[in-house]
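Number of protein chains: 2
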Amino acid sequence: MKKLITFIFAFFLCYSVFAQQSLSSRATVKSPEINPDNTVTFRLIAPKAMKVELIGDIFNDPDNGGQGSAQLKEIEGVWTYTTPTPLEPELYFYNFKVDGLKINDPNNVHIIRDVANIFNVFIIGGPRADLYKVNDVPHGTVSRVWYDSPTVGFDRRLTIYTPAGYEQNTKTKYPVFYLMHGAGGDEEAWIALGRTSQILDNLIAQGKAKPMIVVMTNENINQEAAAGESSFGYVQPSMGASSQTKTVPTGIDFIKAFPDIQKFVESNYRTINKKSSRAIGGLSMGGFYTVNVSKENPDTFDYMGVFSAGLRMNDQSKDKDEAQLAIQFSKKPKLYWIGIGKTDFLYSYTKTMRDYFDEQNYPYVYYESEGGHIWRNWRIYLSEFVPLLFK
Amino acid sequence: MKKLITFIFAFFLCYSVFAQQSLSSRATVKSPEINPDNTVTFRLIAPKAMKVELIGDIFNDPDNGGQGSAQLKEIEGVWTYTTPTPLEPELYFYNFKVDGLKINDPNNVHIIRDVANIFNVFIIGGPRADLYKVNDVPHGTVSRVWYDSPTVGFDRRLTIYTPAGYEQNTKTKYPVFYLMHGAGGDEEAWIALGRTSQILDNLIAQGKAKPMIVVMTNENINQEAAAGESSFGYVQPSMGASSQTKTVPTGIDFIKAFPDIQKFVESNYRTINKKSSRAIGGLSMGGFYTVNVSKENPDTFDYMGVFSAGLRMNDQSKDKDEAQLAIQFSKKPKLYWIGIGKTDFLYSYTKTMRDYFDEQNYPYVYYESEGGHIWRNWRIYLSEFVPLLFK
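Same order as they appear, the protein sequences are chains L and B.
According to our numbering, the first sequence is numbered sequentially starting from -3.
According to our numbering, the second sequence is numbered sequentially starting from -3.
See below:
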C-alpha cells in the first residue's frame, strides 16, 4: 500500500507538466451548487466577459417550450446566479451563454446530448425525480449490441437493458419492452435523456415493476448507429436525414425492418416469447411507430405505450389503419396507454386518435400531463407505463 | 410511408418553438473540417470575442506534454484556423479558449471526458489510426455491468467488451483480458479514451487478434462507479480520492479485491478458465496494478501488459517484490510486455524494473515509443499488445 502511495505521489508531482493538466485551465468554483433549500447556485469564472446568461429548463416557462434565461452577476471575475426560489424535484438541463456564445459549464462534467445540443445536467431529488437517480439498489446491465438486419442489409446498433440478476439467474426468462426514440434521436436517446436504466432499476427494486429486458432501437433505418458510433465516423447529428448513411432497399421502412430486431433479441436473450410478455412504446416519432408496428403485428404485443404522438385517422392510409386497428383490438390487448402534455404541439393527433378509439369502444388508458413535447414528460410517461407491464 | 412524412413535416414545422431548439443558438459553420490534404480547419462563431485560441494535442509539442496552442483569426464574427501542414493519422483532442475561457467546440458533439476535462475529438485516418475508427466490420458488445464485491462490501461497475459472435456462438468459450486505467480514471477511461472496442473489433476482423473478452475495471476501490454513475450522484471527478465515496474495510486495496472481479466474470461469462487464457494489463497506476496483481496470483495470468509504469524495486516491499517475481517467472509466463514513451516521467521506473528483469534473466518484450504519459501512447500499446495474446 505504501508503495502505491509513493507511486501516486510521484504521479501528482509530475502530472502538472502533462497533457491533461495543461489543457484544463479549469476554474475551481463549484457549479451547480444545490443549496440545502433546493435553490441552486450557478457560477462561472469569466473575467473578460461582458454578459453571462443561464439558459435551460429550470425556468419552466410554458410560453417558451419550458425554457427561459437569467443573467448572472459578476464580482471579481466570478459570475453568479442563484434561483430565487427552490426548484421542484426534477432532472434539469442548462447551458451558459457568454456574450452570445452558448457553452457548457466547465465545472460540471455531467452532460447529455440531445440531437446536436449538449446540455449540462443536475438532479433535484424528490419523489419522482428520485427515480432518475442512481440509487443504492441492484443495477441492471446496459449493453450496446449490434444485430444483423437482413431486411436493410447491414448490421445496426441497439441499446439493451437487462435487469439485475439477469447474468446470475441463468434459467430465468424475461419479458421484453421495445422502446423507441423521437425524430432526431437514436439508440442513445432513451438511456441518456430518458434515464431508462435508472427508472427501471429503481422501479424494479421498489417492487413496482417486473424485471424486464428493455430494447432501445434506432429507427433511423438508414443509420447503422448513433452519430460517431457508425462507420461514417464523427458526423454531426441533425433532425433531418443525414447524407452520411447507408442506403436501404426501396420500400423498406422501420416498420418492415422491425421483425429483424425482435428475431435477434428472442434468439440471443432469455425472453418469454408470448404476446403477454411483449410491450412496445415510444415518444413522438417512436409513438407513431408504436401504433404502426403493433397494428401491423396484432399477435405480437399486449402492451402499447404511445407517448406524445397519435394517428390523425384522416390520411391516405385511413382505411388500412382502421382495418388494422379493428383486428388489433379484436385480439384484446391488455393495455393501450396514451400519454401527452396539455401544450404538446401533437396534442391534436392524440385527441383525434382518442376520439376514434372512443367511437369504436377500443379501451385505452389516458394520461395527460402539464407541459409539452419535452423529455421531462417522457421520463414521467416511462415511469407511469413501466409499472403496468406484464402484470 | 407518406403518413410518416406528413408526421415528420408537422414535427419540423412546430419543432422550432420547443425546448431543444430554443436552447441551441447553434452556429452553422463546419468545425472541425478535415480537408482533402489532411490539414484541418477549425471554426467558431463568436462576434464579441477579443481572442480565440485552439488548444490540444495536434501541435505535438514535446516540451508541453504534446500540447500547444494557436490563435484563430476573425472575419465578420467567424474565427478560423487551418493547420499549416497536414496532420498525421491519429485521434486528436482539442478545445477552444475564448478570452481565456476554455470551451468545447459547439459545432462538434463528439467529446470525451478525461478525469474532469471534456475534449472535442476527431480522427485523421491512416494505418494505425484506422484501428481507432468504427469500421464496417462485425462489432462486439460493450456492457456496463455491476458485480458484487464481497471484499469491499458493495456492488461495483465494470465495462465489459464481448467480441462479435459472443451472443450467437453459445457453446464457444473465450479468453479474458483484464484492462486497467490510470490515476484519475475509472471504468469509462479505456472504452472512451482508449478506443478499446474499436481497436478490438478491427484487430479481430483483420485476423490479427483472437476473439476475447475485455474487462475494464475501476481501481478506485472506494468508488462504486465512475462519477455520475454511482449513488453519490453527479460528483465532479478528480485526480485524488473523492470524499463522496463508500468506505472499504481497513487493509483492503484493489489488489486484495481483484479476485471478486475474476470470480464474477468467470461465473457469468463463457470464459476459458486457464492461465494461458488470461491476460492483465494497464496504464500508469493500472500498470502498477498489473505488476502487483499478477505476481500476487502467479498461477492466474500468462500475459502481462505494463504500460507507462514499473516497480522501483527499492522500497519497503523490495524483498517481497523480488520473492514474488521469482515465483511468477519460475512458472514461465508466456508474455511480460513493457511499453513506455521516451519522455514519460515514469521512464525511470520502467528502466529500473527492466534492469532488474535483465539481471535476473526474466524474459520480457520491450516497446519504446516517442512521447510521454499520454493516451496516444496507450492506444498504441493496446494495439501492439492485443495481437500477442492467447496465441
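Glycine included, each C-beta is placed from N, C-alpha and C at the ideal position.
Quantities reported herein were computed from a predicted structural model and do not represent experimental measurements.
Query                                                                                                                                                                                   : Result
Throw me the rounded Cβ distance for the histidine 369 (chain L) and glycine 224 (chain B) pair, which I believe falls under 8 Å.                                                       : In fact, because the Cβ distance is near 26 Å, the residues do not count as touching under 8 Å.
Which one of B:Ser226, B:Tyr358, B:Pro102 and B:Gly96 has the shortest CA to CA distance from serine 193 (chain L)?                                                                     : B:Ser226
Under 8 Å between C-beta atoms, does alanine 125 (chain L) make it to chain B?                                                                                                          : no
From the DSSP secondary-structure annotation, give me the bridge partner or partners of methionine 212 (chain L).                                                                       : L:Thr155 and L:Leu175
Check each candidate in B:Leu331, B:Val138, B:Asn288 and B:Phe297 and name the one with the smallest Cα separation from tyrosine 360 (chain B).                                         : B:Leu331
Around the C-beta of serine 145 (chain L), are 16 or more other C-beta atoms found within 10 angstroms, so that it is buried, or is it exposed?                                         : buried
List the residues of chain L whose Cβ lies closer than 8 Å to the Cβ of threonine 137 (chain B), in chain order.                                                                        : Ser139, Arg140, Val141 and Trp142
Please determine, among B:Met235, B:Tyr285 and B:Met208, the residue with the shortest C-alpha to C-alpha distance to proline 255 (chain B).                                            : B:Tyr285
Checking contacts by CB at 8 Å: is glycine 149 (chain B) closer than that to chain L?                                                                                                   : no
Run the CB neighbour count on serine 12 (chain L), radius 10 Å, all protein chains shown included, and call it buried at 16 or more, exposed below.                                     : Summary for serine 12 (chain L): the model assigns pLDDT 36, below 50, so the residue's position carries little reliability; its value from the coordinates is reported in the next sentence. So serine 12 (chain L) counts as exposed.
Counting only runs of 3+ residues fully inside the stretch 70 to 96 of chain B, write out the beta strand (DSSP E) ranges in chain order.                                               : 74 to 78 and 86 to 94
Is serine 290 (chain B) near glutamine 258 (chain B), with beta carbons less than 8 Å apart?                                                                                            : no
Check whether the stretch 183 to 198 of chain L touches the stretch 292 to 309 of chain L, taking contact to mean three or more Cβ pairs, one atom from each stretch, closer than 8 Å.  : no
Going straight from the alpha carbon of glutamate 364 (chain L) to that of glycine 301 (chain L), what length do you get?                                                               : 13 Å
What are the boundary residues of the alpha helix (DSSP H) that asparagine 379 (chain L) is part of?                                                                                    : Checking the sequence shown, residue 379 (chain L) turns out to be serine, not asparagine. Note, serine 379 (chain L): alpha helix (DSSP H), 371 to 381.
Going along chain L in order, which residues have a C-beta closer than 8 Å to the C-beta of arginine 109 (chain B)?                                                                     : Val105
In whole angstroms, give me the CA-to-CA distance for tyrosine 265 (chain L) and aspartate 197 (chain L).                                                                               : 19 Å
Taking 8 Å as the cut-off, decide whether the C-beta atoms of proline 102 (chain B) and lysine 129 (chain L) are in contact.                                                            : no
Express the C-alpha separation of tryptophan 371 (chain B) and valine 48 (chain B) in angstroms, rounding to a whole number.                                                            : 26 Å
Check the Cβ of leucine 97 (chain B) against every Cβ in chain L and list those closer than 7 Å, keeping chain order.                                                                   : Ala42 and Val94
Under 7 Å Cβ-Cβ, which residues of chain B neighbour glutamine 164 (chain L)?                                                                                                           : Asn264
Give the residues of chain A in contact with glutamine 232 (chain L), contact being defined as C-beta atoms less than 9 Å apart.                                                        : The structure shown contains no chain A; its protein chains are L and B.
Thinking C-beta only, is proline 159 (chain B) closer than 8 Å to glycine 136 (chain B)?                                                                                                : yes
In chain L, which residues lie with their C-beta within 9 Å of the C-beta of asparagine 131 (chain B)?                                                                                  : Ser227
Verify the CB distance criterion: does asparagine 100 (chain L) have a CB-CB separation below 8 Å to chain B?                                                                           : yes
Mind checking who asparagine 113 (chain B) pairs with in its DSSP beta bridge?                                                                                                          : B:Asp110
For leucine 307 (chain B), which beta-bridge partners are listed by DSSP?                                                                                                               : None, per the DSSP bridge assignment.
Check whether the Cβ atoms of threonine 147 (chain B) and alanine 221 (chain B) lie closer than 8 Å to each other.                                                                      : no
For aspartate 395 (chain B), which option in B:Asn56, B:Glu84 and B:Ser27 has the closest C-alpha, if you only look at C-alpha atoms?                                                   : It is not possible to answer for residue 395 (chain B), since the shown part of chain B is limited to -3 through 387.
Give the straight-line distance between the Cα atoms of aspartate 315 (chain B) and valine 111 (chain L), rounded to the nearest whole angstrom.                                        : 57 Å
Where does threonine 166 (chain L) fall in DSSP's three states?                                                                                                                         : coil
What number of angstroms, rounded off, separates the C-alpha of threonine 348 (chain B) from the C-alpha of glutamine 312 (chain B)?                                                    : 16 Å
Does the beta-carbon distance from isoleucine 209 (chain B) to valine 382 (chain B) come in below 8 Å?                                                                                  : no
Could you tell me how far apart the beta carbons of valine 95 (chain B) and alanine 45 (chain L) are, in whole angstroms, since I believe they sit closer than 8 Å?                     : Per the sequence shown, residue 95 (chain B) should be read as aspartate rather than valine. The pair is a contact, with the Cβ atoms about 7 Å apart (cut-off 8 Å).
Using the Cα positions of glutamate 355 (chain B) and tyrosine 345 (chain B), report the straight-line distance between them to the nearest angstrom.                                   : 16 Å
On the premise that leucine 87 (chain B) lies in contact with alanine 42 (chain B), defined as a C-beta separation below 8 Å, what is that separation, rounded to the nearest angstrom? : So it is not a contact: roughly 26 Å between Cβ atoms.
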